[in-house]
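Protein chains in written order, with the working numbering: chain P, 1 to 174; chain H, 1001 to 1458. Built from N, CA and C at the ideal position, the CB exists for glycine as well. If you're wondering where the values come from, they're calculated on a predicted model, not measured in any experiment. Comments concern the structure below.
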Amino acid sequence: MSQSGGLLASYEYLDSTVDAIEQLKKAGFKGVKAYSPYPDHHIEHALGYDQSPVRVWTLVGGLTGTATGFAFTTWTSVDWPLVVGGKPIVSIPAYIIIAFELTILFGALATLIGLFILSRLPDLRPAVVYDPEFTAGRYGVYVQAEGGRLDEARNILNGQEPIELREGEGGANV
Amino acid sequence: MSNATKDPIVRGALAHPDVTRLDDVNRDVLKVLATPGKGWWALFSLASLGLVVFFTSWGWQLYRGIGVTGLNAPVGWGVYITTFVFWVGIAHSGTLISAILFLFRAPWRQAIYRAAEAMTVFAVMTAGLFPLIHVGRLWHAYWLIPYPNSRFLWPNFKSPLVWDVFAITTYFTVSATFFYLGTIPDIAAARDRATGLRKKLYQVISMGWRGTDQQWHHFGKAYIFLAALATPLVLSVHSVVSWDFAVSIVPGWHTTIFAPYFVAGAIYSGVAMVITLVVPIRKVFGLEAYLTTKHFDAMAKLCLLTSMIVGYAYMSEFFMAWYSGEEIERTAFWNRLFGTYWWATWIMLTCNMFVPIMLWFKRVRYSIPALFVISIFVNIGMWFERYVIVVTSLHHEYEPFAWGIYRPSLTEMGILLGSFCWFSFWFLLFTRLLPPIAIQELKEVLPPPMRKQKEAHS
């Protein structure tokens, strides 16, 4: 165990998981990851998450949609000017609807793309350290540690009585 | 952690499902995906048979032309447009339950929203077929999409029908995205219990989801933003559909009340359809612990509210027709109640305004058979509402020489029947392939397992 290694602990309880994360963080371990069957704000809080940049994707996507909607309708009207129903060639009120729909469409698609990029999905490589119970009822904590600190990390994880503690290569696909 | 230890009590009170352990949810919901029972196969065969009727009727219409329908001057919109509006309306409550109630933090939505969302996607898929059927020459349907053609002619963006193309395609894309995103963690849950080919398939559909903190973090935010985008969308789509009518000058269509009236009606019919669909799912798959009478009570209250809005809209339409002093308008509405199509109007009023009065009684709201029957009445009533709006308005416009009678043909009836089978076909497949109850979201309302609490008890 001279190389860096990874430890994966499976927990039955939420408070054990959160305590393990907090202790690892306090001890200065980088690369702590958590698994949970549902999004839990205690875990997110323990890991010190900030705002997700997904919101930037949504905003930029939405604004692009608005601009596209107005630009496209205006351009096509000017491209072949035809008076319909006595309305101006460029009828902004009517085009608001197209711009609105495209705002939503582009915003939603950009959000989805942003999510995939930020959370590294799709990822179909087989997981090296993973417990299929993570999608059922168990929580998991994964930590990467240098050779010397591996024991310390193991002690912290064991201190919260995991159901299972597995060791894998450092930098494993988690 | 002080928050987390207090939480279970609060969350427990909000959690309707009568389960406590997180992995119980997986066990109970995923067993639905196991071997289907006889009931499922019977329904699936029936739906498939209906698909034969659907495609035969459509094929016949494509072969012989639009003349096989009852559509002619002056009634150029008939059963097809009626059914189109009906299915778009059905779609709406799915988004209401999944997006709007999500933003309002209504915890009862968790158990039903997956089924409601699936209903939305399949209902839009069904609705989307009707413009294609209605245009007759299906092979020209792509003219609806703005593309640079050889004459550089563009669609008329001042036309509500073009708005509708944008609204419906956007609605389909966004609701399908929202639906798919919500299912990803649940498909991963199904994957972790599955074996063989099914496991591989679920691995691909779930994109290799593992439930890491990073994934959940972005997922949660993306979900909120999609909900925030879907909320105005759902209100806009049926407004745009209503403007297909309201922007014209046909008496009976040309009113400003149409947009809110249509949106309320859409949610009304959609919630009724959710009840119609969820009752058999609950029974067949034994999900009584998850879909409790409290959920049905909440849906029934939503039905009651929207039925009152719809009822108010009917009354205000009649009142305004009389109060306006406009002879044509008055005649149009008199004709609705006592003209050729009086029966359709009275079916509409009975099913949408009078039958739901029963929902005022708690005993009715807590009786699942009663709700099932009422929901079917509402479905029928809401189809007739659109029939009344489309047909009675068109058959009796301004000039007496242009009045006429419309009778749906057998082909149209075949397609109408087939549309229900097309919808059921997809919905039945859904109940077998994807978890019909949101596993992941249910866990959010369950009390989280706590060691400290357990130690304190023992």
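- Distance from the CA of L47(P) to the CA of K25(P), rounded to the nearest whole angstrom, comes to 8 Å.
- A straight line joining the alpha-carbon of F1179(H) with that of W1216(H) spans about 16 Å.
- A direct Cα-to-Cα measurement between Y1366(H) and Y1290(H) gives close to 15 Å.
- Annotated three-state conformation of V54(P) is helix, per DSSP.
- Within the same chain, Cβ atoms closer than 8 Å to the Cβ of L1433(H) are found at L1033, the five residues on either side in sequence being excluded.
- Not a single CB atom of chain H sits nearer than 7 Å to the CB of A99(P).
- Between E44(P) and chain H, the shortest Cβ-Cβ separation is below 7 Å.
- At least one CB atom of chain H sits nearer than 7 Å to the CB of P122(P).
- The beta carbon of V78(P) does not come within 7 Å of any beta carbon belonging to chain H, so the residue lies off that interface.
- Residues of chain P with a Cβ closer than 8 Å to the Cβ of F1219(H) are, in chain order, P39, L115 and S119.
- The alpha carbon of L1442(H) has as its nearest neighbour, out of T135(P), G159(P) and T73(P), the alpha carbon of T135(P).
- In the displayed model, Q160(P) falls within coil according to three-state DSSP, outside both helix and strand.
- Of N1026(H), T1392(H) and S1269(H), the smallest CA-CA separation from A1190(H) is found for N1026(H).
- R1407(H) sits in coil when the DSSP states are folded into three classes, being neither helix nor strand.
- For the C-beta of T1195(H), not a single chain P residue is nearer than 9 Å; the gap to the nearest is close to 11 Å.
- Closest in C-alpha terms to G1065(H), from the list A1230(H), H1134(H) and L1302(H), comes H1134(H).
- The Cβ-Cβ distance between V1355(H) and I1380(H) does not fall below 7 Å.
- Among the residues of chain H, those whose CB is under 7 Å from the CB of P132(P) are D1192, following chain order.
- In this structure, DSSP gives Y11(P) an extended state, which the three-state scheme calls strand.
- Shown here, T1212(H) sits in a strand according to DSSP, grouped into three states.
- In terms of Cβ geometry, F1122(H) and F1427(H) form a close pair [threshold 7 Å].
- Here D79(P) is exposed: its Cβ has fewer than 16 other Cβ atoms, across all protein chains shown, within 10 Å.
- Residue environment analysis places V1204(H) among the exposed positions, since fewer than 16 neighbouring C-beta atoms fall within 10 angstroms of its C-beta.
- For G1211(H), the C-beta contacts it makes with chain P under 7 Å involve Y35, S36, P37, F134 and T135, in order along the chain.
- In this chain, the alpha helix (DSSP H) harbouring Y1063(H) covers K1038 to R1064.
- I1439, Q1440, E1441, L1442, K1443, E1444 and L1446: these are the residues of the region 1417-1447 of chain H whose beta carbon lies less than 9 Å from some beta carbon of chain P, given in chain order.
- Measuring C-alpha to C-alpha distances from E1317(H) to each of F1333(H), T1306(H), S1424(H) and C1303(H) identifies F1333(H) as the nearest.
- With a threshold of 7 Å between beta carbons, V1174(H) makes contact with chain P.
- For a Cβ distance threshold of 8 Å, nothing in chain P lies close to W1143(H): the least Cβ distance comes to about 14 Å.
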